[in-house]
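S.K.: Residue numbers (the numbering used here), protein chains in the order written: chain A, 1 to 193; chain B, 1 to 193. Where is the CB? At the ideal position from N, CA and C, for every residue including glycine. Quick caveat, the model's predicted, so the values are computed rather than measured. My questions all concern the structure below.
2 protein chains.
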Amino acid sequence: MNVRTLCLGILSLGEASGYEIKKKIEGPFNHFYEASFGSIYPALTRLTEEGMVSCTKHAQANRPHKKVYGLTTPGRLAFLDELTSMPRPDRVRSEFLVFMTFAELLPTRHLSRVLDEQVGYWRAHIAELEAGTEKPTAAGHEFVCGFGVAVYRAALAYTEENRYRVEAANLMAEPAAASPALTTRNAQIQPVD
Amino acid sequence: MNVRTLCLGILSLGEASGYEIKKKIEGPFNHFYEASFGSIYPALTRLTEEGMVSCTKHAQANRPHKKVYGLTTPGRLAFLDELTSMPRPDRVRSEFLVFMTFAELLPTRHLSRVLDEQVGYWRAHIAELEAGTEKPTAAGHEFVCGFGVAVYRAALAYTEENRYRVEAANLMAEPAAASPALTTRNAQIQPVD
DNA sequence: TTATCCATGTAAGAAGTTACATGATTGA
DNA sequence: TCAATCATGTAACTTCTTACATGGATAA
Numbered sequence: 001m002n003v004r005t006l007c008l009g010i011l012s013l014g015e016a017s018g019y020e021i022k023k024k025i026e027g028p029f030n031h032f033y034e035a036s037f038g039s040i041y042p043a044l045t046r047l048t049e050e051g052m053v054s055c056t057k058h059a060q061a062n063r064p065h066k067k068v069y070g071l072t073t074p075g076r077l078a079f080l081d082e083l084t085s086m087p088r089p090d091r092v093r094s095e096f097l098v099f100m101t102f103a104e105l106l107p108t109r110h111l112s113r114v115l116d117e118q119v120g121y122w123r124a125h126i127a128e129l130e131a132g133t134e135k136p137t138a139a140g141h142e143f144v145c146g147f148g149v150a151v152y153r154a155a156l157a158y159t160e161e162n163r164y165r166v167e168a169a170n171l172m173a174e175p176a177a178a179s180p181a182l183t184t185r186n187a188q189i190q191p192v193d
Numbered sequence: 001m002n003v004r005t006l007c008l009g010i011l012s013l014g015e016a017s018g019y020e021i022k023k024k025i026e027g028p029f030n031h032f033y034e035a036s037f038g039s040i041y042p043a044l045t046r047l048t049e050e051g052m053v054s055c056t057k058h059a060q061a062n063r064p065h066k067k068v069y070g071l072t073t074p075g076r077l078a079f080l081d082e083l084t085s086m087p088r089p090d091r092v093r094s095e096f097l098v099f100m101t102f103a104e105l106l107p108t109r110h111l112s113r114v115l116d117e118q119v120g121y122w123r124a125h126i127a128e129l130e131a132g133t134e135k136p137t138a139a140g141h142e143f144v145c146g147f148g149v150a151v152y153r154a155a156l157a158y159t160e161e162n163r164y165r166v167e168a169a170n171l172m173a174e175p176a177a178a179s180p181a182l183t184t185r186n187a188q189i190q191p192v193d
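Spelled out as C-alpha cells, the structure:
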C-alpha cells in the first residue's frame, strides 16, 4: 500500500483533483496515513499514464486550471485487487515512546512538558474525530473514526494515570550530565583500529 | 529521530554490537520503531567516524568477528541534546484501517479474515508485552510496555465489539464487480488532452 | 539435512519529504 | 498588509528496505 493505491481508494469515493485528494487525506485518514503534494501529484501522473485514472482539465476564472481525476474500470479493478490481499502489519513510529523509554535522561521540566503536549495532541485528535463522526457516512468510515477515538482515549487515560511513575523516577535519577554512572562507563572503552 | 539516534539511545543502556542492537530493537521497541541491518550498520559506521561511538573489535573462536560499540562523551551529549527537543508527532501507517475504510468493497469472507488476523496480531502483541513486563527494569521501559498493552487492548475490544457493523454493511453492499453504481460513474468521464 | 543463529557489510532502488517555483483571490 | 486558500508541478535529498554476499556453529 502506497500513496498510489490510496489515491485510487479516494477516487473510488468520487472524482477529485490532486489538491482535493490531499485535503481528504488530511481529514480522518490523517490519523493513519500521510501524503504530501510531492508524492500525490507524481502518483496521479503515473496513474493517468497507466490508464488507471482519467483526467479532465477544467479551466477556472481567475484560478489556476484544475485537473479532475476519476477512476477508470482498470483502476477500480486494480484497487479491488489490492483490497483482496492481506493488509501489511501496521507501522507505528512514535518518538514520544522513545522519549519515554529514556525518561530518566530528560530534564524534569522537559519531561513534563513532553507529556503535557502529548496529552494535548490526543485530546485534540479525539475532539476532531468526534466532531467528524456526528455526520455518519459509510460504515467503514464510522468504524475507523470510532476506532481512533477508542485508541486515543486509551492512550490518554493510561498516560494520565501512569505519568507520575516516570516523573517520579526522573526526579530520583541524577541529572544526566553529573551522573558518574553515565560518564564513567565509556572511559573504559577506547577506539581500536 | 532516526535509526542513528536510536542507536545512540540503545548504546546509552550499555555496549552492544550492531547485531545486538537489532535484537534489542526487535524487543519492546518493535512496537513503535523498526530498523533493519541495512540501516543499522551504516549508521554505526557513520557514528564511529563522527566520534559519537567507540568501536572495539573482538575476535571470536569459530565465529565472525564482533564489533562492540560504546557511547563516547560526545555521543552521550548528542543523544541528551536530542532528548531535550520536542518529539515529533507520532506517525501511524495502518493498512488495516485503510481496508476498513473501504470495507464495503471487500469480499465478505476476506473482510472477516482480515479482521480475524488483526485481532490475532493484537492478542499476540499483548501476550508478548505482558510476558516482558514481568521482569521490571527501568521506569520508562515499564511505562512504554504498559502503554502498549493498554492501547492494544483498546483496539482489540473496540474491534471485537464493532466489527459486526462493517461486516453487516458489507453483506448489504452489492458485490463490487456487479454494482452498477461503481461502473457507471466513470463512463461519464473521458480523458481529455 | 535443514533451518536457525550468529555476524558484518554493500548496493540498488523504492518511497516519500522538503523546498522551490508560480500566481491570483480572499479574508482578517 | 499579511496570511491563508486554491492549484499544479519539479528536483534534490533523505531515509530506509530488500536483496545479495559470505560462512561457520548448532539444534531439530
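1. What does TYR41 (chain A) reach in chain B if we use C-beta pairs closer than 9 Å?
2. Any beta carbon from chain A within less than 9 Å of PHE32 (chain B)'s own beta carbon?
3. Please state whether DSSP places SER12 (chain B) in a helix, a strand or coil.
4. How would you write the range of the beta strand (DSSP E) that SER54 (chain A) sits in, first residue to last?
5. Counting only beta-carbon atoms, is GLY132 (chain B) nearer than 9 Å to chain A?
6. Is the beta carbon of THR73 (chain B) closer than 9 Å to that of PRO107 (chain A)?
7. Where do the N-terminal and C-terminal ends of the beta strand (DSSP E) with TYR152 (chain B) fall, by residue?
8. Have a look at the DSSP bridge pairing and note the partners of TYR69 (chain A).
9. Would you call the stretch 154-163 of chain A and the stretch 43-57 of chain A in contact, with 3 or more CB pairs under 8 Å?
10. What residue range does the alpha helix (DSSP H) around ARG46 (chain B) cover?
11. Which of the three DSSP states is assigned to ARG109 (chain B) in this structure?
12. Going by other Cβ atoms of all chains shown within 10 Å of its Cβ, with 16 needed for buried, is TYR164 (chain B) buried or exposed?
13. Short of 8 Å in beta carbon distance, which residues of its chain neighbour ASN162 (chain B), apart from the five on each side in sequence? Order them along the chain.
14. Please say whether VAL114 (chain B) and PHE96 (chain B) have beta carbons closer to each other than 9 Å?
15. May I ask you to report which of helix, strand or coil DSSP gives ARG123 (chain B)?
16. Can the beta-carbon of ALA150 (chain A) be found less than 9 Å from the beta-carbon of VAL166 (chain B)?
17. In or out: PHE29 (chain A) buried (at least 16 other Cβ within 10 Å) or exposed?
18. For a quick check, are the C-beta atoms of ASP90 (chain A) and VAL53 (chain B) less than 9 Å apart?
19. Report yes if the C-beta of ASN162 (chain A) is less than 8 Å from at least one heavy atom of the ligand ADP; otherwise report no.
20. So, TYR19 (chain A) versus ILE25 (chain A), is the Cβ gap smaller than 9 Å?
M.R.: Let me spell this out:
1. Those do not exist, as TYR41 (chain A) stays about 17 Å from chain B at its closest Cβ, beyond 9 Å.
2. yes
3. Note: SER12 (chain B) maps to coil in three-state DSSP.
4. Per DSSP, SER54 (chain A) is one residue of the beta strand (DSSP E) stretching across 53-60.
5. By this cut-off, GLY132 (chain B) is not an interface position.
6. no
7. Segment 139-172 is the alpha helix (DSSP H) holding TYR152 (chain B); no beta strand (DSSP E) there.
8. For TYR69 (chain A), which the question treats as bridged, DSSP gives the partners A:ALA16, A:CYS55.
9. no
10. 37-49
11. helix
12. exposed
13. none
14. Yes, they are a contact pair.
15. When secondary structure is reduced to three states using DSSP, ARG123 (chain B) falls in the helix class.
16. No; because the gap between Cβ atoms is not below 9 Å, this pair is not in contact.
17. buried
18. no
19. Of ligands this structure carries none, so the ligand ADP is not represented either.
20. no
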